[in-house]
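Taken in sequence, the protein lines are chains A and B.
So the mapping is simple: our numbering equals the position in the first sequence, first residue as 1, plus 5.
So the mapping is simple: our numbering equals the position in the second sequence, first residue as 1, plus 231.
Glycine residues also receive a C-beta, built at the ideal position from the N, C-alpha and C atoms.
These notes concern the structure reproduced below.
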Amino acid sequence: MHEQAPKVVVDINVNGASYQREIEPRLLLVEFIREELGLTGTHIGCDTSYCGACTIILEGNVVKSCTLLAVQADGRKVETVEGLESGGELHPLQTAFSEHHGLQCGYCTPGMLMSAKSLLDNNPQPTEEQIRKGISGNTCRCTGYVNIVKAIDAAAVQMWEG
Amino acid sequence: MYPAPFRYHRPETLEAAVGLLAHFGDDARIMAGGQSVIPMMKLRMGEASELVDIGRLPNLSYVKIEGERLLIGALATHAMIAASEDARRVPLVAETAGGIADRQVRSMGTIGGGLSVADPSGCWPTSLSALDAVIQVAGPAGSRSIAMADFVQDTYLTALNTGELVTSIEIPIPESGTGSAYVAFKRSASAYPTVSCGVQLSMQGDSCSAARLVLGGAGPTPILSVEADSALVGEQVTAETLLKAAELIVAAAEPPPDARGSVEFKRAMLKNLVVEAGQRALARSQGEQIFGGHRYA
Numbered sequence: 006m007h008e009q010a011p012k013v014v015v016d017i018n019v020n021g022a023s024y025q026r027e028i029e030p031r032l033l034l035v036e037f038i039r040e041e042l043g044l045t046g047t048h049i050g051c052d053t054s055y056c057g058a059c060t061i062i063l064e065g066n067v068v069k070s071c072t073l074l075a076v077q078a079d080g081r082k083v084e085t086v087e088g089l090e091s092g093g094e095l096h097p098l099q100t101a102f103s104e105h106h107g108l109q110c111g112y113c114t115p116g117m118l119m120s121a122k123s124l125l126d127n128n129p130q131p132t133e134e135q136i137r138k139g140i141s142g143n144t145c146r147c148t149g150y151v152n153i154v155k156a157i158d159a160a161a162v163q164m165w166e167g
Numbered sequence: 232m233y234p235a236p237f238r239y240h241r242p243e244t245l246e247a248a249v250g251l252l253a254h255f256g257d258d259a260r261i262m263a264g265g266q267s268v269i270p271m272m273k274l275r276m277g278e279a280s281e282l283v284d285i286g287r288l289p290n291l292s293y294v295k296i297e298g299e300r301l302l303i304g305a306l307a308t309h310a311m312i313a314a315s316e317d318a319r320r321v322p323l324v325a326e327t328a329g330g331i332a333d334r335q336v337r338s339m340g341t342i343g344g345g346l347s348v349a350d351p352s353g354c355w356p357t358s359l360s361a362l363d364a365v366i367q368v369a370g371p372a373g374s375r376s377i378a379m380a381d382f383v384q385d386t387y388l389t390a391l392n393t394g395e396l397v398t399s400i401e402i403p404i405p406e407s408g409t410g411s412a413y414v415a416f417k418r419s420a421s422a423y424p425t426v427s428c429g430v431q432l433s434m435q436g437d438s439c440s441a442a443r444l445v446l447g448g449a450g451p452t453p454i455l456s457v458e459a460d461s462a463l464v465g466e467q468v469t470a471e472t473l474l475k476a477a478e479l480i481v482a483a484a485e486p487p488p489d490a491r492g493s494v495e496f497k498r499a500m501l502k503n504l505v506v507e508a509g510q511r512a513l514a515r516s517q518g519e520q521i522f523g524g525h526r527y528a
């Protein structure tokens, strides 16, 4: 099929705001987030469902937005890294990544943060092994993961103890 | 990377989905969670001008026990199956689901999709071949069942006819004295297994009364070997007898050499996996509650 495919209308809730757009069905969710909405915190890394840089949360589930069509999120709720802060206050995970140097180049960080958020949403007191498994779909080529694991652990403690 | 343009259809009922598939024939591609189909479309593997998104069809997303069978709806995600207490009645099933790719992919990917794609390295086609699973399908000519042994026919090719889709998977719950396990060797969580092995063993006392071994990533379809299974029957299950059976089944394997490993490497790894999966299946047949994991490079 080489002619233009009919566009479809989607209504996607991103970080609490509803966005209605007319899009090509082949538009990937990550492109919708970055290009249609200008939320460029979500990164495209490998673009092959491997690295996890594009990780977001869809209806409470952590997913790779380069491997979803935007139409799959129609009528659903999306959380991106921009949704982590509230009222100008960083999320405890963001603060912990900063304090524990949980990044070097920072390219993988938005995906790491979203995987970590989903992990702590479901398991507020993870063991180190559970943290490592929780981010096993996210690749970091700089840190060796040590400080990322430390940061997530510190954030968990902070959020648990308040 | 973008998929080539396609027209998008999101039927609301199974009947409507089957109708669309029948209407579009070979121009249609079915998408459930999209975790295999979207990467393939982005790589422009195969042309499909009509995408039929079955991801929201009602009543196909469940894991439950009915009588002596574990029933899994085609749209049950790997994550849902991994978290299901019912799925643990057949440990190999929960183990397969929990080890597929990473959390992100398990959130979206479905058992029906993983089976239907029939990737030679895929987990479900291999692990379900160790059990007497039955695949229920719906299509323009009505519903029918396909034995797992007949389901995968070649690389990316199944017994599904044009217009047919998987609706559920039925797995008999084994009697006590039977144990199963699935172990994959992976370079990383996100990667497809390099090779994998599923085992189901039934024991009477110290002696094996029935065995089924299956290898994944070892040829275009899951590899089974009557000789290897027979070699275990009547024997004690030990590292030695498992290795003997492993030699027999690996002789039937034809793992392709690729970036994940040479033929020699894969054969050697498969033998190790048979022993590991066999010992885990044995422990479970004796009532041990163990949660296994995959081997990582």
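Closer than 9 Å at the beta carbon, the chain B residues around GLN9(A): PRO236
message: Which residue wins for smallest C-alpha separation from GLY509(B), given the options ALA470(B), GLU478(B), ARG491(B), LYS497(B)?
response: ALA470(B)
- prompt: Are the Cβ atoms of GLY429(B) and SER347(B) separated by less than 9 Å?
  reply: no
C-beta contact flag for ALA318(B) and ILE312(B) at 9 Å: yes
- prompt: Do VAL19(A) and GLY88(A) have their C-beta atoms closer together than 9 Å?
  reply: yes
query: In its own chain, which residues sit with a C-beta less than 6 Å from the C-beta of ALA528(B), not counting the 5 before and 5 after it?
result: ARG418
query: Just checking, does the stretch 361 to 371 of chain B make contact with the stretch 92 to 106 of chain A on the three C-beta pairs under 8 Å criterion?
result: no
Residue nearest to TYR55(A) in terms of C-alpha spacing, selected from PRO234(B), ARG320(B), PRO289(B), VAL336(B): VAL336(B)
task: Taking only beta carbons into account, state which residues of the stretch 50 to 79 of chain A come closer than 7 Å to chain B, listed in chain order.
output: ASP52, THR53, SER54, TYR55, GLY57, THR60, ASN66, VAL67, VAL68, LYS69, THR72, LEU73, LEU74, VAL76, GLN77
message: Would the stretch 65 to 82 of chain A count as touching the stretch 10 to 28 of chain A if we require 3 or more Cβ pairs under 8 Å?
response: yes
message: If you follow the beta strand (DSSP E) that LEU396(B) is in, where does it begin and where does it stop?
response: 396 to 403
- request: Would you give the residue range spanned by the beta strand (DSSP E) that ASP16(A) belongs to?
  value: 13 to 19
query: Who are the Cβ neighbours of ASN143(A) in its own chain at under 8 Å, not counting the five residues just before and after it?
result: CYS56, GLY57, ALA58, THR60, CYS113, GLY116, MET117, SER120
message: Within 10 Å of its beta-carbon, does ILE38(A) have 16 or more other beta-carbons around it, so buried, or fewer, so exposed?
response: buried
task: Starting from the Cα of ARG241(B), find the closest Cα among PHE255(B), GLY286(B), ARG275(B), HIS254(B) and give me that residue.
output: GLY286(B)
task: Give the interface partners of GLY286(B) over in chain A, defined as CB-CB distance under 9 Å, in chain order.
output: GLN77
field: Exposure of PHE255(B), with buried meaning 16 or more beta-carbon neighbours within 10 Å
entry: buried
message: I need the straight-line Cα distance from LEU453(B) to LEU301(B), nearest angstrom please.
response: The sequence as given places Pro at residue 453(B); Leu does not occur at that position. So the alpha carbons of these two residues sit roughly 22 Å apart.
- prompt: Unbroken alpha helix (DSSP H) runs of length 4 or more, entirely within the stretch 82 to 138 of chain A: which are they?
  reply: 97 to 104, 114 to 127
- prompt: Once you ignore the five residues that flank ASP460(B) on each side, which residues in its own chain have a CB closer than 7 Å to its CB?
  reply: ALA442, ARG443, LEU444
Cβ-based neighbour list, CYS110(A), same chain, cut-off 7 Å, excluding 5 preceding and 5 following: CYS147
- request: Kindly list the residues whose CB is nearer than 6 Å to the CB of ALA259(B), restricted to its own chain and excluding five residues on each side of it in sequence; keep chain order.
  value: LEU252, GLU281, VAL283
message: Short of 8 Å in beta carbon distance, which residues of its chain neighbour MET500(B), apart from the five on each side in sequence? Order them along the chain.
response: PHE416, THR425, VAL426, GLY492
message: Threshold first: 4 residues or longer. Then list the alpha helix (DSSP H) segments lying entirely within the stretch 345 to 398 of chain B, N to C.
response: 354 to 359, 379 to 382
- prompt: From TYR233(B) to PRO270(B), what does the alpha carbon distance come to, in whole angstroms?
  reply: 9 Å
message: Within a Cβ cutoff of 7 Å, which residues of the same chain sit near ALA161(A), ignoring the five residues on either side of it in sequence?
response: LEU125, PRO129, GLN130, PRO131
Rounded C-alpha distance that separates TYR150(A) from GLY107(A): 8 Å
message: HIS525(B) and VAL414(B) - do their beta-carbons sit closer together than 9 Å?
response: yes
query: In chain order, what residues of the stretch 22 to 34 of chain A put their CB closer than 9 Å to some CB of chain B?
result: GLU29, PRO30, ARG31, LEU32, LEU33
field: Run of the beta strand (DSSP E) containing MET276(B), from where it starts to where it stops
entry: Careful: MET276(B) lies outside any beta strand (DSSP E) and carries neither H nor E.
message: Could you check whether the Cβ of GLY88(A) sits closer than 9 Å to any Cβ belonging to chain B?
response: no
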